[in-house]
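Enquirer:
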Amino acid sequence: SQAAAAVRAAPAWDAAGPDRRALCLERAADLIEANRAALMALAVREAGKTIPDALAEVREAADFCRYYAQRARLDLVPKPLKGPTGERDELRFAGRGVFACVSPWNFPLAIFTGQVAAALVAGNAVIAKPAEQTPLIAAAAVRLMHEAGVPEAVLQLLLGDGATVGAALVADPRVGGVAFTGSTETAWAINRALAARNGPIVPLIAETGGQNAMIVDSTALPEQVVRDVLTSAFQSAGQRCSALRALFVQEEIADRLIDMLSGAMAELRVGDPGLIATDVGPVIDEPAREALERHAARMRRDGRLLHQVAVGPDCAHGTFFAPRAFEIDRLDRLEREVFGPILHVIRYAAGRLDSVIEAVNATGYGLTLGIHSRIDSTVEHIRARLRAGNV
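Take the sequence shown: its letter number 276 is residue 278 in this note's numbering, and every next letter is one higher.
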């Protein structure tokens, strides 16, 4: 089986040392860049990436390889420790054996490569399970890593759906660690499965979703705000865990900002991601599109549609979803992360900033936060109180 082969291969790979493993990753980075056009084409065709997004993804994958190679040479070499006179103490690092890397479809090359590269350079054998929607680009990445010198038994590709194949993988007692990127609910399920296992504690490295907010006060420059909102909310068809979902705007500037945002949204072009003129491509699949349509229908009842991007007849077939912005009265109208190009705008009074912070903290999805203010004390006030991983 793949797990048995990985268990057998792990000791020799760990013993090879960080420098040899780092060299393999650096070769992989060179190969990724040399195969840029083919990888971009796969990202466009399989994941619906626009051309600029596909190029950025290839660059990020290569950067991950070089970054982890550099860190391995700095962090994973033996380190002397202080000890009693006449005694030599040294800290050495060893791999955990077999690492399972479960990656998402929204960054099918970059996140896939980042997870795998980190686990490999730390001395682990890897079983990599990509999202079932994007297996081809993952297979291409694995081939390049093998070409770069990573033994085939050390890096193996496991294809299949998450509910069956992924669940069986993380539950396998031969797996010594799990890296996961995806939904919060799935991360909880993996955590429960690992906790139910007997034996040593198995580390879970999980990066999940976010009900990401931006807070804009009356001192902000509207042109800068609109530019950042457009990029964060609608790039990659809003299918980023860090994408903007909730825009809090101080009521004194809300009307003007909404008008400017609507005008900017009207310029977005939705269509074939293989065309350079396209700004927003399709969402990943039909279930995703249907979920967004259901949410949009609910927002029409609970809120007010501010703008919906026009979609041409060339989008009649496929999984295209028109980007749109709704105004809602409070954040708890959003029950869970909405993974697509839908922005929710909420007005707030100047004296109610702390209520905004409390509302965002209450979601429990504090992944990213944006702040637009020219008052340093306001920025520090928000940053000190709002629980977000990236500000």
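Every residue gets a Cβ at the ideal spot worked out from N, C-alpha and C, and that includes glycine. Predicted model only: the values in this text are computed from it and were never measured.
Would you say Thr210 and Gly168 are within 8 Å of each other, going by their C-beta atoms?
Expert: In the sequence shown, counting from the first residue as 1, residue 210 sits at position 208. In the sequence shown, counting from the first residue as 1, residue 168 sits at position 166. Contact flag unset, no.
Enquirer: Decide if the stretch 307–323 is in contact with the stretch 362–382; the criterion is three or more beta carbon pairs, one per stretch, under 8 Å apart.
Expert: Between the stretch 307–323 and the stretch 362–382, the count of C-beta pairs closer than 8 Å stays below three; the two stretches do not touch.
Enquirer: Based on Cα-Cα distance, which residue from Gly99, Glu337 and Pro205 lies nearest to Ala7?
Expert: Sequence index remark: in the sequence shown, residue 7 carries index 5 (1-based). The candidate whose alpha carbon is nearest that of Ala7 is Gly99.
Enquirer: Between Gly88 and Leu76, what straight-line distance do the alpha-carbon atoms span, to the nearest angstrom?
Expert: Working through the sequence shown from its first residue, we reach residue 88 at position 86. Working through the sequence shown from its first residue, we reach residue 76 at position 74. Rounded to whole angstroms, Gly88 to Leu76 spans 27 Å at the Cα level.
Enquirer: Taking its Cβ as the centre, do 16 or more other Cβ atoms sit within 10 Å of Asp257, making it buried, or is it exposed?
Expert: Here residue 257 corresponds to residue number 255 of the sequence shown, with the count starting at 1. Asp257 should be labelled exposed.
Enquirer: Give the DSSP-derived three-state secondary structure of Asp395 in the structure shown.
Expert: There is no way to answer for residue 395, as the model of the chain reaches only from 3 to 393.
Enquirer: Can you give the Cα-Cα distance for Glu149 and Ala30, rounded to whole angstroms?
Expert: Here the question's residue 149 lines up with position 147 in the sequence shown. Here the question's residue 30 lines up with position 28 in the sequence shown. Near 8 Å, if we compare the C-alpha coordinates of Ala30 and Glu149.
Enquirer: Per DSSP, what are the beta-bridge partners of Asn214 in this structure?
Expert: Locating residue 214 in the sequence shown gives position 212, where the first residue counts as 1. Note: Asn214 sits in a beta bridge opposite Leu246.
Enquirer: My assumption, with CB atoms under 8 Å, is that Glu253 sits in contact with Ala351. Please give the rounded CB distance.
Expert: Within the sequence shown, the letter at position 251 stands for residue 253. Within the sequence shown, the letter at position 349 stands for residue 351. Going by Cβ atoms, the distance from Glu253 to Ala351 rounds to 6 Å, so yes, they are a contact pair.
Enquirer: Where in the stretch 66–147 do unbroken runs of the alpha helix (DSSP H), each at least 4 residues long, occur, reported from the N-terminal end onward?
Expert: 112–123
Enquirer: Using three-state DSSP, classify Phe182 as helix, strand or coil.
Expert: As a position in the sequence shown, residue 182 is number 180, starting the count at 1. Correct three-state label for Phe182: strand.
Enquirer: Less than 8 Å between the C-beta atoms of Ala74 and Glu35, yes or no?
Expert: As a working mapping, residue 74 is identified with position 72 in the sequence shown. As a working mapping, residue 35 is identified with position 33 in the sequence shown. Contact: no.
Enquirer: For the stretch 127–137 against the stretch 227–237, are there 3 or more C-beta pairs whose distance is under 8 Å?
Expert: Judged by Cβ distances under 8 Å, the stretch 127–137 makes no contact with the stretch 227–237, as fewer than three pairs qualify.
Enquirer: Report the option in Asn108, Ala120 and Arg306 whose CA atom is closest to the CA atom of Ala245.
Expert: Working through the sequence shown from its first residue, we reach residue 245 at position 243. Measuring from the Cα of Ala245, the nearest candidate turns out to be Asn108.
Enquirer: Just mark Asp55 as buried or exposed, buried being the case when its beta carbon has 16 or more other beta carbons within 10 Å.
Expert: As a first step, residue 55 is located in the sequence shown; it is residue number 53 there, counting from the start. Buried: at least 16 other Cβ atoms inside 10 Å.
Enquirer: Using C-beta distances below 6 Å, list every residue in its chain close to Met147, excluding the 5 sequence neighbours before and after it, in chain order.
Expert: On the sequence shown, position 145 is the one that residue 147 refers to. Closer than 6 Å at Cβ, skipping near neighbours: Ala30 and Leu157.
Enquirer: Kindly indicate which three-state DSSP category Gly151 falls into: helix, strand or coil?
Expert: Counted from its first residue, the sequence shown places residue 151 at position 149. Three-state DSSP puts Gly151 in coil, outside helix and strand.
Enquirer: When you compare the CB positions of Leu249 and His346, do they come within less than 8 Å of one another, or not?
Expert: Translated into positions along the sequence shown, residue 249 becomes position 247. Translated into positions along the sequence shown, residue 346 becomes position 344. For Leu249 and His346, yes; Cβs fall inside 8 Å.
Enquirer: When you compare only the Cα positions, how much space is there between Val172 and Ser105?
Expert: For this step, residue 172 is matched to residue 170 along the sequence shown. For this step, residue 105 is matched to residue 103 along the sequence shown. The straight-line gap from Cα to Cα measures roughly 13 Å.
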